[in-house]
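Step one of this worksheet: look at the structure below.
In the numbering used here, the protein residues as written are 724 to 1207.
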């Protein structure tokens, strides 16, 4: 397959499609051209039929949907690199938004997120995370899916009320930890993170589509508002990566990836992440390439990425770094050392001299080895740089073949209905005081099962209003089966 022209200087620098699943890095200080480089790469992948997922932090990547033109800086770069004739063309796009304002709503369920990521979402400590894991385990053992926050609150209440019953099998559950989790749920709601929870859940197949011309669809997540809640942003993207890893089949190395995933502001993913989460991230990044997914991290400095992850990023574009302080200078030197040396370049010096749109570039060759670093200008995009008008965005959303599917909430059978129904069937009345012991000649009523106890407790704690509520259900396994 034809190599992808990324940059040009004295020679052309290409990204090989068959090496695109070996991951990559786009780094550089603010205003040095990282976003345009991302846009150029996304265009290339779309053109060869590879779907793309990216987060639009400043709303300026929406321009990829429109043809470029009328930009003197683009015309100047085209002439500088002798790229004439140069055509302008937009890419097929789908807009997504956790808040449902600038794209199709994106949702999943608590059960699918799992206790590890949900603990990060709530900023829990190790002890509180342990209690949350117990709650998930009890729910799983009883066949109860935690679909939304009401499900989780009810299970938390039940586990707290019956902590002695579960202590031997599951471990200690302190009231303080349960209270901290409940407070975390309130904070999550205040940040709007509860918009992430619900149905219809995101179907990964909808991220892996091409248009009628065979071009990969560029999936754009509106993240300008989302970035006000960094933990929600990073947890969602990490969950999505995990789902891709768990659901996609093994394909090995192919002529081109099945999907390319751009993770902007990647440092947020690793800030204050516990060791167990870092290990999970490293594992997903290491193994997801065999599923045909390329992951490209975007951050200011390569040192924002842990070494165990950085070492797996084969295709690298390094824009300028600033070195005003001794600490900055040390960071520049360390960043330069992450490249394969080029005897003709003093990499550490050049990093601080690069102009806007200029970069140090090292891509993987046909054998999978990094090429010596080269200084070059990134090619301009064929699509528009910058924002698009709100009416254009709205029109593109309405024209999407998914329009109306994710916008319409679906009420399905839920854990609440299951528990309410079970309680109604056994027709158990929970007295306020202990029931009298049966007298001779009378048979004692059978003790309710664990599931029946769950039903009774949840109905008592949630009340008739929750018992009547329809909560969005899921289709498929606990780990996120195909849904539609």
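C-beta: ideal position from N, C-alpha, C; glycine also.
- Message: Tell me the DSSP secondary structure of residue 735 in three-state form.
- Response: strand
Alpha carbon to alpha carbon, how far is residue 1038 from residue 1085? Give it in angstroms, no decimals.
6 Å
**Message:** I want to know whether the region 804-816 touches the region 971-985 - three or more CB-CB distances under 8 Å.
**Reply:** These segments do not touch.
Next item on the list: Can you tell me which of the three DSSP states residue 1166 falls into?
Entry: Its pLDDT being 43, under 50, residue 1166 is placed unreliably by the model, and nothing is read from it.
Rounded to the nearest angstrom, how far is the Cβ of residue 1046 from that of residue 1026, given a contact under 8 Å?
With 8 Å as the limit, residue 1046 and residue 1026 do not qualify as a contact, their Cβ atoms being about 13 Å apart.
Taking just the CA atoms, how far does residue 1028 sit from residue 993? 7 Å
**Asked** Under three-state DSSP, which class holds residue 1039?
**Response** strand
> Looking at residue 949 and residue 908, is the spacing between their C-beta atoms short of 8 Å?
Replying inline: no
Quick check on the burial criterion: 16 or more other C-beta atoms within 10 angstroms. Buried or exposed for residue 742?
buried
field: Range covered by the beta strand (DSSP E) that runs through residue 1019
entry: 1016-1022
Review point. Mapping DSSP to helix, strand and coil, what is residue 790?
Key: strand
Thinking C-beta only, is residue 985 closer than 8 Å to residue 855? Going by beta carbons, residue 855 and residue 985 fall outside the 8 Å limit.
For residue 747, which three-state DSSP category applies? If DSSP states are grouped into helix, strand and coil, residue 747 belongs with the strands.
*Length of the line joining the Cα atoms of residue 1003 and residue 793*: 46 Å
Excluding five sequence neighbours on each side, which residues of the same chain lie with their C-beta closer than 6 Å to the C-beta of residue 852?
-> 842
* Do you know how far the Cα of residue 898 is from the Cα of residue 885? -> 11 Å
Check: Over what stretch of residues does the alpha helix (DSSP H) that includes residue 817 continue unbroken?
Finding: In this chain, residue 817 is not harboured by any alpha helix (DSSP H); it is covered by the beta strand (DSSP E) spanning 816-820.
Might you give, ordered along the chain, the residues of its own chain that have their beta carbon closer than 6 Å to the beta carbon of residue 1040, omitting 5 neighbours on each side? 749, 760, 1082 and 1084
Quiz item: Going by Cα to Cα distance, which pick from 857, 931, 866 and 869 is closest to residue 893?
Solution: 857
Worksheet item: In terms of alpha-carbon separation, which member of 1089, 962, 1115 and 1043 lies closest to residue 1075?
Response: 1043
*residue 1133, buried or exposed, once every other Cβ within 10 Å from all chains shown has been counted against 16*: exposed
* **Range covered by the beta strand (DSSP E) that runs through residue 1083** => 1081-1085
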